[in-house]
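Here is the structure we will look at, set down as structure tokens.
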Amino acid sequence: MTNMSEERLLAWLDGELDAADAAEVARAVAADPALAERARRERALRARLRGAFAPVADEAPPQRLLEVLGMAQESAAKPQDTVVPLRARATATPARRWRWPEWTALAASLLLGVLFGAQFARPQGPVRMQDGALVAGTGLARVLDTQLAADARPGAALAAGMSFRDGEGRYCRTFLARGEQALGGLACHGGGRWNVVALGEAENRQGELRQAASGLPASVLAEVDARQVQMLDAAAERAARDAGWR
Amino acid sequence: MNRAMEPEMRERLCDLLPRLRRFARGLAGNAHDADDVVQTALERALARADQFREGQEYGLEAWVFGIVRNAWLDELRARQRRGRVMAPAELGENVGQSPFDGQDQALSVEAAMARLPEEQRAAVMLVLVEGLAYREAAAALEVPIGTLTSRLARARTALQQFLGEDL
Chain Y
1 MTNMSEERLL AWLDGELDAA DAAEVARAVA ADPALAERAR RERALRARLR GAFAPVADEA
61 PPQRLLEVLG MAQESAAKPQ DTVVPLRARA TATPARRWRW PEWTALAASL LLGVLFGAQF
121 ARPQGPVRMQ DGALVAGTGL ARVLDTQLAA DARPGAALAA GMSFRDGEGR YCRTFLARGE
181 QALGGLACHG GGRWNVVALG EAENRQGELR QAASGLPASV LAEVDARQVQ MLDAAAERAA
241 RDAGWR
Chain C
1001 MNRAMEPEMR ERLCDLLPRL RRFARGLAGN AHDADDVVQT ALERALARAD QFREGQEYGL
1061 EAWVFGIVRN AWLDELRARQ RRGRVMAPAE LGENVGQSPF DGQDQALSVE AAMARLPEEQ
1121 RAAVMLVLVE GLAYREAAAA LEVPIGTLTS RLARARTALQ QFLGEDL
């Protein structure tokens, strides 16, 4: 087995490593079946925990908690009804909550993607280094800025995928870039640029862009798992785009 | 409390409410105790909103999750004073009255979580379920990051054992 500390493997799974470190661990995991099995079990554990507790966050909070916040509905037409909508305002609430088991199944079905090579060096490549950080290149940044997931064209060289907010309120988007090598990655918007926080080799099925999540490398899906707090539906995504992802 | 920030704080706490309830459920193991803890925490967060400073070491989430956790610790201490210490066997009995609507999967997760020491359970909930970054979770629990990560590693090993091979 590769000599990898438990701490480092877990930090990778928890999204705590920078892009270069994460790439190194992803490579090691892809090359070592024993490490891959450890990673799989850790992901399965997290998926199981999240799956078990997810229903709690879907419950409407009891009235007494909303009252503390002054958010209880005034028109208590049905006083026995302790279940009220969380908020009256229509904001960017996800139409659909993504469940962890879906992700795990997806992740398991894909090979761990590894690459990181010459593509970085080229100025017109999809990703480049800037101030020591991996960021989206000009073309990719334009796509991430403007393209809604629903508008991604099959077989396009660059396609934006799902969008979500992370724990710090930043908008993050997955993407696919098809060059001589197909890349799948995850970029989070901050400081006026798209910071690439995960990247791997995508499944390159010529002319077949299936749903946005598929084709993404498992390492990228794991990053999505670790970071996503609120998936955006089409309307929320459009609103976020129109607001400049801020 | 600063009147100008009050509406915003209420709004943000309202946004966080589903997650605060989930975190407290993980700590307390049942809906009633969890919502009591959340209620105490919300009251404290509103009363102390002045003390919260945005965006330095960590954000609102870590601050509020920390308040929830401390409210739970206060509840545990109060139970101890009343001589009502939750023994593992007593926690085990809670398994039958699942707050998770009797889903098989959730039952065993709940039982496994109940067997963890409280500090490990809190770390698992914050990082693995709520998705907080290490530094945020460490801030919420008021421990160094190294302490947090070692609690997490121990908890994961234990949970893997409790949940068996079907992971």
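Residue numbers (our numbering), protein chains in the order written: chain Y, 1 to 246; chain C, 1001 to 1167.
The C-beta atom is built at its ideal place from N, Cα and C for all residues, glycine as well.
Rounded separation between Ala-236(Y) and Tyr-171(Y) - CA only: Position 236 of the first sequence, counting from 1, holds the residue named residue 236(Y). Position 171 of the first sequence, counting from 1, holds the residue named residue 171(Y). So the two alpha carbons sit approximately 11 Å from each other.
Between the Cα of Arg-50(Y) and those of Arg-128(Y), Arg-227(Y), Ala-234(Y), Asp-242(Y), spot the shortest distance and give me the residue it belongs to. Taking the first sequence and counting its residues from 1, one reaches residue 50(Y) at position 50. Arg-50(Y) has its Cα closest to that of Arg-227(Y), out of Arg-128(Y), Arg-227(Y), Ala-234(Y), Asp-242(Y).
Closest residue to Glu-1061(C) among Thr-1157(C), Arg-1154(C), Arg-1012(C) (Cα-Cα distance) = Within the second sequence, the letter at position 61 stands for residue 1061(C). Minimum Cα distance to Glu-1061(C) is reached at Arg-1012(C).
Q) In chain C, what lies closer than 7 Å to Val-68(Y) by C-beta? A) Residue 68(Y) sits at position 68 when you count from the first residue of the first sequence. Under the 7 Å cutoff, chain C gives Gln-1039, Leu-1042, Glu-1043.
request  = Measuring only between beta-carbons, confirm whether Gln-119(Y) sits less than 8 Å from chain C.
outcome  = As a position in the first sequence, residue 119(Y) is number 119, starting the count at 1. Note that Gln-119(Y) scores a pLDDT of 44, beneath 50, so its modelled location is shaky; the value from the coordinates is reported in the next line. So no, Gln-119(Y) is outside the interface.
In terms of alpha-carbon separation, which member of Ala-141(Y), Arg-142(Y), Ala-160(Y), Ala-156(Y) lies closest to Ala-150(Y)? On the first sequence, position 150 is the one that residue 150(Y) refers to. Of the listed residues, the one whose Cα sits closest to Ala-150(Y) is Ala-160(Y).
Exercise. From Arg-1025(C) to Glu-223(Y), what distance separates their C-alpha atoms?
Worked result: Looking up residue 1025(C) in the second sequence gives position 25. Looking up residue 223(Y) in the first sequence gives position 223. Roughly 25 Å between the two C-alpha positions.
How many whole angstroms separate the CB atoms of Phe-1052(C) and Met-1125(C), which I take to be in contact at a CB cut-off of 8 Å?
Start at 1 with the first residue of the second sequence, and residue 1052(C) comes out as number 52. Start at 1 with the first residue of the second sequence, and residue 1125(C) comes out as number 125. Going by Cβ atoms, the distance from Phe-1052(C) to Met-1125(C) rounds to 21 Å, so no, they are not a contact pair.
* What residue does the beta strand (DSSP E) around Glu-6(Y) start on, and which one ends it? -> As a working note, residue 6(Y) is residue 6 in the first sequence. Looking at the DSSP string, Glu-6(Y) is not in any beta strand (DSSP E); the run it does join, the alpha helix (DSSP H), is 6-13.
**Report entry** Residue interval of the alpha helix (DSSP H) (run including Val-68(Y))
**Finding:** For the purposes of this step, residue 68(Y) is taken as residue 68 along the first sequence, with counting starting at 1. Counting along the chain, the alpha helix (DSSP H) containing Val-68(Y) begins and ends at 63-68.
Exercise. Taking only beta-carbon atoms, is Gln-1161(C) less than 8 Å away from chain Y?
Worked result: The residue given as residue 1161(C) occupies position 161 in the second sequence. No, because no Cβ of chain Y sits closer than 8 Å to the Cβ of Gln-1161(C).
* Asked: Does the Cβ of Thr-1157(C) have 16 or more other Cβ atoms within 10 Å, making it buried, or fewer, making it exposed?
  -> Translated into positions along the second sequence, residue 1157(C) becomes position 157. Exposed, since its Cβ has fewer than 16 Cβ neighbours within 10 Å.
Item to complete: May I ask you to report which of helix, strand or coil DSSP gives Gln-147(Y)?
Response: Within the first sequence, residue 147(Y) is the residue found at index 147, counting from 1. It is coil, neither helix nor strand.
Reduced DSSP category for Glu-247(Y) - H, G, I as helix; E, B as strand; rest coil | No information on residue 247(Y) is available, as it lies outside the stretch 1 to 246 that chain Y covers here.
query = What three-state label does DSSP hand Gly-137(Y) in the structure shown?
reply = What you label residue 137(Y) is simply residue 137 of the first sequence in a count that begins at 1. Three-state result, Gly-137(Y): coil.
### Query
Is the region 180-196 of chain Y touching the region 9-16 of chain Y, taking contact as three or more C-beta pairs under 8 Å?
Result no; under three Cβ-Cβ pairs closer than 8 Å.
Practice problem: Out of Arg-1069(C), Arg-1044(C), Leu-1159(C), state which residue places its alpha-carbon closest to the alpha-carbon of Arg-1019(C). | Solution: For the purposes of this step, residue 1019(C) is taken as the residue at position 19 of the second sequence. Arg-1019(C) has its Cα closest to that of Arg-1069(C), out of Arg-1069(C), Arg-1044(C), Leu-1159(C).
If I measure Cβ to Cβ from Leu-1042(C) and keep anything under 7 Å in the same chain, skipping five residues before and after, which residues do I get? Here residue 1042(C) is taken as the residue at index 42 of the second sequence, counted from 1. Exclusion of the five residues before and after Leu-1042(C) leaves Leu-1013 as the residues of its chain whose Cβ lies within less than 7 Å of its Cβ.
*alpha helix (DSSP H) containing Asn-1070(C): first to last residue?*
Position 70 of the second sequence holds residue 1070(C). It spans 1060-1081 - the alpha helix (DSSP H) in which Asn-1070(C) sits, taken as one unbroken run.
For this session: For chain Y, find out if any of its Cβ atoms is closer than 8 Å to the Cβ of Arg-1021(C); answer yes or no.
Result: The residue given as residue 1021(C) occupies position 21 in the second sequence. Interface residue, yes.
- Around the C-beta of Ala-20(Y), are 16 or more other C-beta atoms found within 10 angstroms, so that it is buried, or is it exposed? Residue 20(Y) sits at position 20 when you count from the first residue of the first sequence. Under the 10 Å beta carbon count, Ala-20(Y) is surrounded by fewer than 16 other beta carbons and is classified as exposed.
Can you say whether Asp-242(Y) is buried or exposed, counting buried as having 16 or more other CB atoms within 10 angstroms of its CB?
Along the first sequence, one-based indexing puts residue 242(Y) at 242. Counting Cβ neighbours within 10 Å, Asp-242(Y) comes out exposed, since fewer than 16 surround it.
Q | Helix, strand or coil at Ala-1169(C) [DSSP, three-state] | A | The question about residue 1169(C) has no answer, for chain C in this structure spans 1001 to 1167.
Note to self: Can you check which of these residues, Asp-1015(C), Leu-1027(C), Glu-1118(C), is closest to Gln-230(Y) by C-alpha distance?
What the structure shows: Counting from 1 along the first sequence, the entry for residue 230(Y) is found at position 230. Closest option to Gln-230(Y), Cα to Cα, is Asp-1015(C).
Notebook entry, point to check: For Met-71(Y) and chain C, any beta-carbon pair shorter than 8 Å?
Noted result: For the purposes of this step, residue 71(Y) is identified with residue 71 of the first sequence, where counting begins at 1. Judged by the 8 Å Cβ criterion, Met-71(Y) is in contact with chain C.
Fill in: Per-residue contacts from Glu-168(Y) into chain C (C-beta, under 7 Å)
Here the question's residue 168(Y) lines up with position 168 in the first sequence. Those within 7 Å of Glu-168(Y) in chain C are Gly-1059.
- Query: Should Arg-46(Y) go down as buried or exposed, given a rule of 16 or more other Cβ atoms within 10 Å for buried?
  - Reply: Numbered from 1 along the first sequence, position 46 holds the residue referred to as residue 46(Y). By the neighbour-count rule (16 or more Cβ atoms within 10 Å), Arg-46(Y) is buried.
Exercise for the section: Using a Cβ-Cβ cut-off of 8 Å, state whether Ala-226(Y) counts as contacting chain C. Expected result: As a working mapping, residue 226(Y) is identified with position 226 in the first sequence. Residue contact with chain C for Ala-226(Y): present (Cβ-Cβ distance below 8 Å to some residue of chain C).
Pick out whichever of Trp-194(Y), Asp-145(Y), Arg-178(Y) has its Cα sitting closest to the Cα of Ala-202(Y). Start at 1 with the first residue of the first sequence, and residue 202(Y) comes out as number 202. Of Trp-194(Y), Asp-145(Y), Arg-178(Y), the residue nearest in Cα terms is Arg-178(Y).
Below-8 Å beta-carbon distance, Leu-1027(C) vs any chain Y residue: Sequence index remark: in the second sequence, residue 1027(C) carries index 27 (1-based). Interface annotation, Leu-1027(C): not in contact with chain Y, CB-CB separation never under 8 Å.
For Pro-33(Y), does the count of other Cβ atoms within 10 angstroms reach 16, so buried, or fall short, so exposed?
Translated into positions along the first sequence, residue 33(Y) becomes position 33. By the 10 Å Cβ count, Pro-33(Y) comes out exposed.
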